[in-house]
Amino acid sequence: MPIASNTAIADRERYRTAVLDVSAAYRGDRTVLAGRYCTSPIKIAKTFPEDKSLCVMIMDASPGMLKGDRYEMQWAAEAGAQLCLTNQGFTKVHPCTPELGASMENRYRLAAGACIETMMKPIMLYKDASFTNRTVVELERGAVWMQGEALSPGRVLRGERFAYERLDNRISVYYEGELIHHQKQLVRPGRQLIAAPGAWETYSHLGTFLVFSDRVDTALLESVRAVLDRLPFSSDQLYAGAAMTYRHGLTVTAAASSSWIVQHMLKEVWNEVRQTLLHLQPSRIGSVG
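Rendered as structure tokens:
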């Protein structure tokens with residue numbers, strides 16, 4: 026047995042790592058979990074079927090992520106399997122020291138014709154929080170991956186609007202081994218002009234929706250833009266736009282004045298993409314966020 030390096034030992038002492046590893050398969054006419062493994066404090070709270078998809082509710086049995094906490098989650102969908110993922114509450118990140126923050130990594134592997142929909146509750150960074158968030162997606166031909174994400178500026182009612190230390194948010198998408206999309210977001214409120222033109226300005230919340238598949242086309246883009254045009258909010262409440270990515274993708278980005286508005290926008294866009302791309306009705310898991 027190889028001896029662990031000094032760096033590996035130091036990492037174990039420095040970080041507290043929780044793991045969730047899930048694989049799904051298509052059996053008969055439905056999706057089932059082919060394998061699952063987790064370590065505290067994250068686990069699967071429940072699963073329930075929805076048409077040919079399997080909805081998975083994730084639970085974090087802790088008050089939130091503390092300094093040095095690291096969550097590593099892996100999701101694998103075999104050919105034809107369909108997963109719809111959500112969680113029970115906000116991803117809350119507590120104050121961290123400048124040199125040691127909290128981190129989360131999600132990796133998705135989708136075989137041909139598989140589908141994973143990820144619709145988690147918002148990320149909320151408390152005062153002095155530092156959070157690194159990594160997402161890696163690997164798609165095979167015909168697979169569909171989509172994600173809705175909402176970012177809160179903090180506990181606004183406690184005066185913690187943009188009081189966190191750092192957010193480092195990155196997403197990489199691969200199609201048949203080729204990197205087709207990479208985006209990164211680095212927010213450091215204490216060092217940036219949050220209210221400057223082109224930044225947050227007067228808005229407080231950020232929402233993003235991504236969908237990647239070789240089935241994404243301009244017709245889907247137009248239908249999503251039509252949804253955004255129909256939303257019952259003024260430009261002071263919501264500023265949103267949709268665009269095609271370099272290859273096989275569509276992205277929606279929105280700045281809003283409240284969490285509820287972001288949630289409503291994400292839910293409406295998600296419903297449209299489900300119906301247009303997958304020919305599915307709205308999911309029963311409820312609002313995004």
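Counting in our numbering, the sequence shown runs without a single skipped number right up to 314 at its last residue.
All C-beta atoms in this analysis are idealised placements derived from N, C-alpha and C, irrespective of residue type, glycine included.
Distance between residue j and residue i (C-alpha atoms, nearest Å)
i, j, result
"Leu110", "Ile148", "15 Å"
"Asn296", "Met82", "19 Å"
"Glu309", "Ala136", "Sequence inspection shows Arg at residue 309; the Glu mentioned does not correspond to that position. Rounded to the nearest angstrom, the two C-alpha atoms are 25 Å apart."
"Val252", "Thr276", "14 Å"
"Ser259", "Asn158", "31 Å"
"Ala70", "Thr64", "13 Å"
"Gly105", "Ala139", "4 Å"
"Val313", "Glu201", "In this prediction, Val313 has a pLDDT of 45, which is less than 50 and means its spatial position is unreliable; what the coordinates show is noted afterwards. If you take the alpha carbons of Val313 and Glu201, they lie about 29 Å apart."
"Asp254", "Glu124", "43 Å"
"Val118", "Leu91", "6 Å"
"Gly89", "Leu150", "10 Å"
"Arg41", "Arg250", "42 Å"
"Glu130", "Thr72", "22 Å"
"Gly266", "Arg272", "18 Å"
"Met98", "Gln306", "28 Å"
"Leu302", "Tyr264", "25 Å"
"Leu182", "Trp285", "15 Å"
"Lys146", "Pro257", "22 Å"
"Val47", "Arg216", "39 Å"
"Leu231", "Pro178", "9 Å"
"Val236", "Tyr51", "22 Å"
"Phe234", "Val169", "13 Å"
"Glu293", "Val287", "10 Å"
"Asp94", "Gly173", "23 Å"
"Lys68", "Arg166", "30 Å"
"Glu185", "Met269", "35 Å"
"Ile141", "Thr56", "11 Å"
"Gly144", "Thr116", "The sequence as given places Met at residue 144; Gly does not occur at that position. Looking at the two C-alpha atoms, the distance is approximately 12 Å."
Three-state secondary structure assigned by DSSP to residue i
i, result
"Val298", "helix"
"Val287", "helix"
"Thr243", "helix"
"Glu293", "helix"
"Arg191", "strand"
"Met26", "Confidence at Met26 is low in this model, with a pLDDT of 39, below 50, so its placement is unreliable and no value can be given for it."
"Ser248", "helix"
"Leu303", "helix"
"Gly314", "Because Gly314 sits at a pLDDT of 43, beneath the cut-off of 50, its placement in the model cannot be relied upon, and the following sentence gives the value as read from the coordinates. If DSSP states are grouped into helix, strand and coil, Gly314 belongs with coil."
"Leu235", "strand"
"Arg309", "coil"
"Ala33", "Its pLDDT being 46, under 50, Ala33 is placed unreliably by the model, and the measurement read from it follows with that caveat. Of the three classes helix, strand and coil, the one that applies to Ala33 here is helix, per DSSP."
"Arg180", "coil"
"Leu253", "helix"
"Gly173", "strand"
"Ser197", "strand"
"Gly266", "strand"
"Met124", "Just to set this straight, residue 124 is Glu in the shown sequence, not Met. Three-state result, Glu124: coil."
"Gly167", "coil"
"Arg159", "strand"
Closer than 7 Å: residue i CB and nearest the ligand GTP heavy atom
i, result
"Ser78", "Annotation note on the ligand GTP: not contained in the displayed structure, which lists no ligands."
Nearest-angstrom beta carbon gap, residue j and residue i [assumed within contact, 8 Å]
i, j, result
"Glu103", "Ala175", "Actually they do not touch by this definition, with Cβ atoms about 30 Å apart."
"Gly274", "Val198", "7 Å"
"Ser155", "Gly126", "3 Å"
"Ile196", "Thr160", "4 Å"
Contact with chain C by residue i, beta-carbon distance below 8 Å
i, result
"Ala59", "Protein chains in the displayed structure number just one, and chain C is not present."
**Report entry** Continuous beta strand (DSSP E) assignments of at least 3 residues falling wholly in the stretch 36 to 116
**Finding:** 41 to 52, 55 to 63, 67 to 75, 78 to 85, 94 to 102, 107 to 112
Query raised in the report: With a cut-off of 8 Å, do at least 3 Cβ pairs link the stretch 275 to 294 to the stretch 213 to 232?
Result: yes
Report task. Scan the stretch 126 to 156 and note each continuous alpha helix (DSSP H) run of 4 residues or more that stays entirely inside, going in chain order. Result -> none
Query raised in the report: Would you say the stretch 236 to 250 touches the stretch 212 to 221, given that touching needs at least three Cβ pairs under 8 Å?
Result: Between the stretch 236 to 250 and the stretch 212 to 221 there are fewer than three inter-stretch CB-CB distances shorter than 8 Å, so the stretches are not counted as touching.
Requested in this report: Entirely within the stretch 200 to 230 and at least 3 residues each: give me those beta strand (DSSP E) ranges in chain order.
Outcome: 203 to 212
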